[in-house]
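Trainee:
In mature numbering (1 follows the signal peptide of the UniProt record, and there is no 0), the protein residues as written are -18 to -1, 1 to 910.
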């Protein structure tokens, strides 16, 4: 049924807009055909969403309120539901009639007209996007949005935050060191934006609070998630030098807080931790209801006021015009008319204005200005949603599967869309699905249906959230297709026809939930996230078989699930409460013939769980993505997994991965001596993109063997790590290092250049039968990466020289776009090439555990270098002249440098004085 709805919806939008703009004489005929279809769809249970409201209203003389855009006076929003439904029991006969309707439409030249609905532009789809273009898009998404009309409110809140006792005020042992202030108002009124505006000021200008933390809470209050986000915010803040709030005057924003009896104890735990802060600390709460902040003890609360009319108009026109038109007079006049409609809702203004900005037709603006649908907030959002392309609408609606406030990872979300069949290549059959999916996501970002999550730390993976009002819109669009269980309440009404189910619970009612899951008829998505629970204190360690039966992640349940839910396309398990070292996947997994996306995220007790697949896993011919920390299989199963596109395992235990020519992300590959794990397995995997780690290069013997990897042909690789470790018993380099530890310590009074330890008595891996320095140099020369690489890491390289593709501009594959270089336990790099093109883009250099006397002498040539890290390099005694572009230098755990760089007047101290940010310590730094 879903495909029929989407097909007809696409047809309606394509032809309706043609009727509106340029073919008026066919409008009547087309509307007659539309309602021939509508008449067929007046009974049954399946909602047909997406039929344009104005088409229905024009033919049956309904107002928008009658067909589903109703005012809700309680919260100022609007609800939308369309009344056309279709009965499945008579679907076959109706399809036959619909085919006749479609044939009539095909005869019309309407189908050859361009739709005014959103289309995804095909930007050089036959050409690969350069790293520069990808960087531009990332930076565009990172631009801070301008805040309108909230300066007075910001100043008022800042004044309230700083009022009261200061850090030196004496207090009793029972008094709180913090106070709570609340901001409340309906969804979409700008509470979060105002709170973030306050945070940005305090971080950039205020210097009154340290640390400043912004945490999105949403409906599911999870104290463990709040603590993790607090730690991430503390570490992200450069002003902070510790990982806690003890003794600090902090500002904590709890955004979109909801309270209930179930999270009462967890709120007490949070507040109990925060008493460790310094007097004058503050908690700023945003919520839809006043009692949320009151539950945390707020004594002062302010309602979020509506924006003033002119300020709202300025914001609206900022997003509608953005300086793209030279003749703005007519657009401004129409824009003022439109801006008066959405009830001064900021989110409605932004989404509508962004759509207007994408269409410079004055006719489009005038038509939009006459729509009564825009008079309500939800109606305006619904109109914006209608302007999206049909495939993008499906992708957005699917996001309602996840709870409000859930952090959606970019690559994971796109690959789930692909697994569900929402992403298609009808516009260009040669383009990669992932590229099309990313364009879908970028369009949702452009029109604010997704928002960039601002608290990502420790990862380069982008994440997004959905505004609560837009999440509500997605829920209404999907109806019963998407369902969520996010509390310990008994789920009495899981719809039998649900397609996409999210289960995020504690221990209560597990048996009931398990039965309901297994009784589902046609689920396409099942996500069990035991990390997403309102009451995780009750999660228990399964001690016996009886308890194990009641957990949602165990082998017995998997076996039953694989046999019952055979139509699943997406299966995700996330938990930290699985207490075994390995999980053996039942052989019945071969029953899930349609499975395309499998994710086992089981990071339990600070250790990863190994996943052992049965031989029957090789029968899942449609499998596209596998996510697990450690994956292995006793048998060769890659022969039939030709559709596999992504694997994120840090220990991929599949032999003969060279057969998987569709692979785009591999993550990690370990070279072994066993057959099926040779370096040549990478030869034909030229679709690889993103990051690749190659380990075990210490056993590669020649340049010819290295060339078989054909790394230069993997044009879309952007990050590469080459590790010369040999992770096997008897590793020559490991043996040599152990012997070196037995040598007497170096005399600190002697120069490191004159010690016998370095010249004659130090052991090397090649002495134990490993690679010689010349052999290692030849191997690295043969591992030439693609020339558009932006990040390179080399580990445990002991070669006699560095390769020409790093140091010679005469090499056609020389790295001219490299931005990050990390060398860990490597041979000395004596110089950077004098050619200004090479390393001209280098922004970050890290050197750790390297037995070097100094950094390269001509460092001043690196005119783009901004950050340098030197860690645990005990032989390094002096710094070269550093480039003036440097803004940050870190030196940790270096016996000589860590001391001399802090001695005023010393040569090394003088060479870093122009660097604004200096972080120097005798201890090893904690790198994330």
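Positions of the beta carbon are idealized from the N, C-alpha and C atoms, including for glycine.
Source: prediction; values computed, not measured.
Determine the closest residue to residue 912 out of 411, 324, 410, 398, with distance taken between C-alpha atoms.
Mentor: As shown, the chain starts at -18 and ends at 910. That puts residue 912 outside it, with no answer to give.
Trainee: I'd like to check one pair, residue 446 with residue 385: are the Cβ atoms closer than 8 Å?
Mentor: No. Outside cutoff.
Trainee: Once you ignore the five residues that flank residue 606 on each side, which residues in its own chain have a CB closer than 8 Å to its CB?
Mentor: Within its own chain, the residues whose Cβ lies closer than 8 Å to the Cβ of residue 606, once the five positions on either side in sequence are excluded, are 397, 400, 401, 578, 579, 625, 626, 627, 628, listed in chain order.
Trainee: Between 633, 646, 143, 828, which lies nearest to residue 592 when the distance is taken from Cα to Cα?
Mentor: 633
Trainee: Assuming contact is defined by CB atoms lying nearer than 8 Å, are residue 302 and residue 356 in contact in what I supplied?
Mentor: For residue 302 and residue 356, no; Cβs fall outside 8 Å.
Trainee: Can you say whether residue 902 is buried or exposed, counting buried as having 16 or more other CB atoms within 10 angstroms of its CB?
Mentor: buried
Trainee: Residue range of the alpha helix (DSSP H) that residue 165 falls in?
Mentor: Where residue 165 is concerned, there is no enclosing alpha helix (DSSP H), although the beta strand (DSSP E) it sits in stretches over 160 to 166.
Trainee: Quick one: Cα of residue 289 to Cα of residue 179, how far?
Mentor: 15 Å
Trainee: Can you give the Cα-Cα distance for residue 898 and residue 841, rounded to whole angstroms?
Mentor: 18 Å
Trainee: What is the DSSP secondary structure of residue 833, counted as helix, strand or coil?
Mentor: coil
Trainee: What do you reckon, are the CB atoms on residue 256 and residue 160 nearer than 8 Å?
Mentor: yes
Trainee: Assign residue 522 to buried or exposed, taking buried as 16 or more other Cβ atoms, counted over all protein chains shown, within 10 Å of its Cβ.
Mentor: Confidence at residue 522 is low in this model, with a pLDDT of 37, below 50, so its placement is unreliable and the value that follows should be read with caution. Under this definition residue 522 is an exposed residue.
Trainee: Can you tell me where the alpha helix (DSSP H) holding residue 823 begins and where it ends?
Mentor: Per DSSP, residue 823 belongs to no alpha helix (DSSP H) and is neither H nor E.
Trainee: Quick check: residue 758 and residue 781, are their CB atoms within less than 8 Å of each other?
Mentor: In contact: residue 758 and residue 781 (Cβ atoms closer than 8 Å).
Trainee: Just checking my contact of residue 880 with residue 904 at CB under 8 Å: how many whole Å lie between their CB atoms?
Mentor: 5 Å
Trainee: DSSP state of residue 940, grouped into three classes?
Mentor: Residue 940 is absent from the structure shown; the chain starts at -18 and stops at 910.
Trainee: Along the chain, where does the alpha helix (DSSP H) that runs through residue 911 open and close?
Mentor: Within the shown structure, residues of the chain are numbered from -18 to 910, placing residue 911 beyond reach of any answer.
Trainee: Say whether the region 827 to 837 touches the region 787 to 807, bearing in mind that this needs 3 or more beta-carbon pairs closer than 8 Å, one atom from each stretch.
Mentor: yes
Trainee: Are the beta-carbon atoms belonging to residue 294 and residue 170 less than 8 Å from one another?
Mentor: no
Trainee: Please determine if the region 345 to 362 and the region 405 to 425 are in contact, where contact requires at least 3 C-beta pairs separated by less than 8 Å.
Mentor: no
Trainee: Mind checking which residues open and close the alpha helix (DSSP H) that includes residue 254?
Mentor: 246 to 256
Trainee: Check for me: the beta strand (DSSP E) holding residue 902 runs from which residue to which?
Mentor: 899 to 903
Trainee: Under a Cβ-count criterion, where at least 16 other Cβ atoms within 10 Å of its own Cβ denotes burial, should residue 753 be classed as buried or exposed?
Mentor: The residue is buried, with at least 16 neighbouring Cβ atoms inside 10 Å.
Trainee: Identify, in the order they occur along the chain, each residue of the same chain with its Cβ nearer than 6 Å to the Cβ of residue 334, setting aside the five sequence neighbours on each side.
Mentor: 362, 366, listed in sequence order.
Trainee: How is the alpha helix (DSSP H) around residue 417 delimited, first residue to last?
Mentor: 415 to 428
Trainee: Can you say whether residue 913 is buried or exposed, counting buried as having 16 or more other CB atoms within 10 angstroms of its CB?
Mentor: This structure cannot settle anything about residue 913, because the visible part of the chain is limited to -18 through 910.
Trainee: Against chain C, does residue 468 count as a neighbour if the rule is that its beta carbon must be under 8 Å from one of theirs?
Mentor: Here chain C cannot be found, since the structure has a single protein chain.
Trainee: So, at 7 Å on beta carbons, what are the nonlocal neighbours of residue 654 in its own chain, with the 5 sequence-adjacent residues on each side left out?
Mentor: 678
Trainee: DSSP three-state label for residue 773, please.
Mentor: strand
Trainee: May I ask you to report which of helix, strand or coil DSSP gives residue 451?
Mentor: helix
Trainee: Can you tell me which of the three DSSP states residue 672 falls into?
Mentor: strand
Trainee: When the Cβ atoms of the region 389 to 396 are set against those of the region 242 to 251, are three or more pairs found closer than 8 Å?
Mentor: no
Trainee: What span of residues does the beta strand (DSSP E) with residue 285 cover, start to end?
Mentor: 282 to 285
Trainee: Could you give the first and the last residue of the continuous alpha helix (DSSP H) run that contains residue 916?
Mentor: This structure leaves residue 916 out entirely; the chain is present only between -18 and 910.
Trainee: Helix, strand or coil for residue 612? Go by DSSP, reduced to three states.
Mentor: strand
Trainee: Are the beta-carbon atoms belonging to residue 703 and residue 777 less than 8 Å from one another?
Mentor: Yes, Cβ-Cβ distance for residue 703 and residue 777 is below 8 Å.
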